[in-house]
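Chains as they are written, first to last, in my numbering: chain A, 7 to 155; chain B, 258 to 783.
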Amino acid sequence: MMELKRVLLVEDSPHDVELTLEALAEKNIANEVVVVRDGAEALDYLYRRGVFADRGEGNPAVILLDLKLPKITGLELLKKIRADEKLKLIPVVVLTSSREEEDLVNSYNLGVNAYVVKPLDFSEFVDAVRKLGIFWALINEPPPGCLRR
Amino acid sequence: MNDIAAQGAIGKNSAYDGGRLAARGFVQRMSIKKKLIVIILFLTLFGLIIIFAGMTINNRIIFGKGMRKDMTVLADIIGNNSRAALTFNDPQTAAEILAASRANNHIVHAVLFDAAGKKFTEYIRERDTVRLPSSSAEDDIGIFSNSHMTVTRDIFLNERRIGRINLTTDMAEWNDSLRNYVIVFVLLTALTVAITLPLAFSLQRIITAPINNLVETAREVSRDKNYSIRVTKTSADELGVLVDGFNGMLAEIQHRDAELRDSHYSLERRVAERTSQLDTLNKELEAFSYSVSHDLRAPLRHIMGFVELLSGKAPEFLDAKSRHYLQVISDSARQMGHLIDDLLSFSRMGRSEMMKTQISLDALVKEVINGFQEETKGRDIVWKVGPLPEVNGDSAMLRLVFVNLISNALKYTRPRQQAIIEIGCSPGGQDENVFYIKDNGVGFDMQYADKLFGLFQRLHRSEEFEGTGLGLANIRRIVLRHGGRVWAEGAENIGAIFYFSLPAALNAEDRDGINKNKGGVFYDGT
């Protein structure tokens, strides 16, 4: 039995959070999802400070990252993660509404592991997010130092 | 013989003319400086000759008058001395008196006549025995000839004429002085030339210096294209006027040059300004489409997502009408999604750079048709695809053109039992290929043909045929960017033909190939 691993969802839109969690509910992956609402909060989580000061040690198995975020944008956050010795191995999946080539190129330049455009159609959206969850939280073997249940 | 002589004469004439022409050419080629010196020398010599000739004639007249006077006096003296000899008929004494003429060695011949006019006695200079001018006793006037002068005087005693004397003198004295004149003239001429030549050299500069200055400046201007140079004006004569005119011309050219440069700079500045304005606008446009693509899509996704969740959550609580409402909400959101996608694609087609390559349209169209297979499953479609040439263009953009046109053809033939879609190419003019896509679909009324390619323009209600009204506008944009044209023909309920042209980037062989294949058998793509 594959064990479920921690997922960090960085998403500012509460509706998107709800829809994403809905899509992940089926396989119980949602239970292991930590939601933060912007780049700054994501950094707080990763560095275990602020409201996350007393969380246990370890990195998430994957970060699902929206690009358009308040305070620190998705790309800025990605840059910071890739520049940090302790965080740079964390798999990052961009999950965005943007189809712009510029975003795509910038993301891959910064070392993103996957880039997924959120489908408009809900069933397609559910399908895509569920597949992402299954792959990254269940199938994929994360780098060492990742949080396990 | 005569002919040859005539020819010889002609030859001589033409040689003479040639000589004159050569001389004229030589004079024309001579520099102004040389011309001036030659003119000065020529005029000086001409003046000298005139003066010399005048003086010589004058001196000759004075000399002749003086000589006649002297001779007259001498004749009178001899006559008076001979009175006694004549009176007493003593020729011996008279001969002695005449012989006294020897003292004047110019007297060649002296004759004494008696009252009757008979020769009484005569004296002939020893050395002049050969030829003497004839002298008659009748003449009283000194006779000039070229070499001699003769004076005749009557001898009187007590108012009675008792005889006559003839004195002839040679012109040796005059000849001597004439020789002296010529020597002086030659010396004077030599002296004049010696003085005039250097003077001419220095005086010609008055005229040639400003001309040379002008010439040198003109040469410099045309060589360096430097129009700021000016010629220094040294005189107020015609050359001064010429210099003023030349300087004025230079100033005008310089002024125009400066104006031209100014307008060029201001043009460049304006272009730069416009470019930066355009850049700013373009950036704003990009920001706009980015936010359209991101921000407009998210709420749509939410609407569709929650509608889906709602209808999935409690189907038993919803009546048919509510489910219909939810369906409408969902469809509208989906339609808006397509609209946004097409709009973005349209804006991207206008902005993105074209990547031109050589494209085989045969292969491209086959791929596009294959791409529709899933969508057209179960439909009876006859594809007639003619041979298509290679073109030079952006592969992604041209693919979109065919995708849009073929999807239109598929869409509007949906009501047909059997859809027939023809795709082909006919070399239009000399430098373009015309492509067409013909279907037997619902067609359109030709009076709306000009609206077809407009943005958001639709000729069918969206319940009949879905669409955003952007596809053909996008095609038009792409074809225009490739340097081509788009147009369409149609008839309601019969079908439509959409044409677009692309500039031919073909060599002659390829074109021949197409011409041969034109009208050949279409292959069935299904």
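Every residue gets a Cβ at the ideal spot worked out from N, C-alpha and C, and that includes glycine.
Counting only runs of at least 4 residues, the region 36–102 of chain A fully encloses the following alpha helix (DSSP H) elements, listed from N- to C-terminal order: 45–52, 80–89.
One thing to note: Leu667 (chain B) has its Cβ no nearer than 8 Å to the Cβ of Phe692 (chain B). Chain B places a beta carbon closer than 8 Å to that of Asp22 (chain A), counting this residue as a contact.
Here His581 (chain B) is exposed, its C-beta having fewer than 16 other C-beta atoms within 10 Å.
Pairwise C-beta distances place the region 520–529 of chain B out of contact with the region 496–505 of chain B, as fewer than three of them are shorter than 8 Å.
Inter-segment contact for the region 577–593 of chain B and the region 34–51 of chain A is absent: fewer than three beta-carbon pairs are separated by less than 8 Å.
Interface annotation for the region 542–565 of chain B against chain A: Tyr547, Ser550, His551, Arg554, Ala555, Leu557, Arg558, His559, Met561, Gly562, Glu565, criterion Cβ-Cβ distance under 7 Å.
Taking 8 Å as the cut-off, the beta carbon of Val743 (chain B) is found closer than this to the beta carbon of Phe710 (chain B). Between the alpha carbons of Leu302 (chain B) and Val295 (chain B) lies a gap of roughly 11 Å. Of B:Asp688, B:Gly336, B:Ile735, the smallest CA-CA separation from Leu655 (chain B) is found for B:Ile735. Around Gly594 (chain B), the beta-carbon contacts reaching into chain A at under 7 Å are Leu126.
In the structure shown, Ile751 (chain B) adopts coil according to DSSP, grouped into three states. Judged by beta-carbon spacing, Ile422 (chain B) lies within the 8 Å limit of Ala332 (chain B), meaning their Cβ atoms are closer than that value. Taking Thr79 (chain A) as the centre and dropping the five residues before and after it, the same chain places the C-beta of Gly45, Leu73 closer than 7 Å to its C-beta, in chain order.
Non-local C-beta neighbours of Val98 (chain A) in its own chain, meaning closer than 7 Å and more than five positions away in sequence, comprise Ile69, Leu71, Leu84, Ile87, Val118, Asn119, ordered along the chain.
Counting other Cβ atoms within 10 Å of its Cβ, Glu495 (chain B) stays below 16 and is therefore classed as exposed.
Interface flag for Arg513 (chain B) against chain A is unset, since no Cβ pair is found closer than 8 Å. Interface with chain A (8 Å Cβ-Cβ cutoff): Arg738 (chain B) is excluded. Leu25 (chain A) belongs to the set of residues whose beta carbon lies under 8 Å from a beta carbon in chain B. A check of alpha carbon separations from Met328 (chain B) across B:Ile307, B:Asn361, B:Ala351 identifies B:Asn361 as the nearest. Sorting B:Leu729, B:Leu567, B:Val284, B:Phe320 by C-alpha distance to the C-alpha of Asp433 (chain B) places B:Phe320 at the top.
Selection A:Ala67, A:Leu93, A:Pro125, A:Gly64 evaluated against Ala590 (chain B) yields A:Pro125 as nearest (Cα-Cα).
Residue range 128–139 is occupied by the alpha helix (DSSP H) that includes Arg136 (chain A). In the three-state scheme derived from DSSP, where H, G and I count as helix and E and B as strand, Tyr380 (chain B) is classed as strand. Below the 7 Å Cβ cutoff, chain B contributes His551 as neighbours of Lys74 (chain A), in chain order. If you check the CB distance, Ile616 (chain B) and Ser568 (chain B) do not come in under 8 Å. Taking a beta-carbon distance threshold of 8 Å, Arg591 (chain B) counts as an interface residue toward chain A.
The beta carbon of Ala48 (chain A) is closer than 6 Å to those of Val16, Val42, Leu83 in its chain, skipping five residues each way along the sequence. Rounded to whole angstroms, the separation of the alpha carbons of Ile318 (chain B) and Glu430 (chain B) is 14 Å. With a cutoff of 8 Å on beta-carbon distance, Val100 (chain A) and Ala67 (chain A) are scored as not near each other. Of the candidates B:Val439, B:Gly741, B:Val408, B:Arg715, B:Gly741 places its Cα closest to the Cα of Asn690 (chain B).
Judged by DSSP secondary structure, Phe563 (chain B) falls outside any beta strand (DSSP E) and instead within the alpha helix (DSSP H) spanning 554–570.
Taken through DSSP and simplified to helix, strand or coil, Thr426 (chain B) comes out as strand. By the criterion of a C-beta distance shorter than 6 Å, Thr465 (chain B) is surrounded in its chain by Ile289, Lys290, once the five residues flanking it on both sides are discounted. Taking the Cα positions, Asp60 (chain A) is about 21 Å away from Asp90 (chain A). Where Gly681 (chain B) is concerned, the enclosing beta strand (DSSP E) starts and stops at 675–684.
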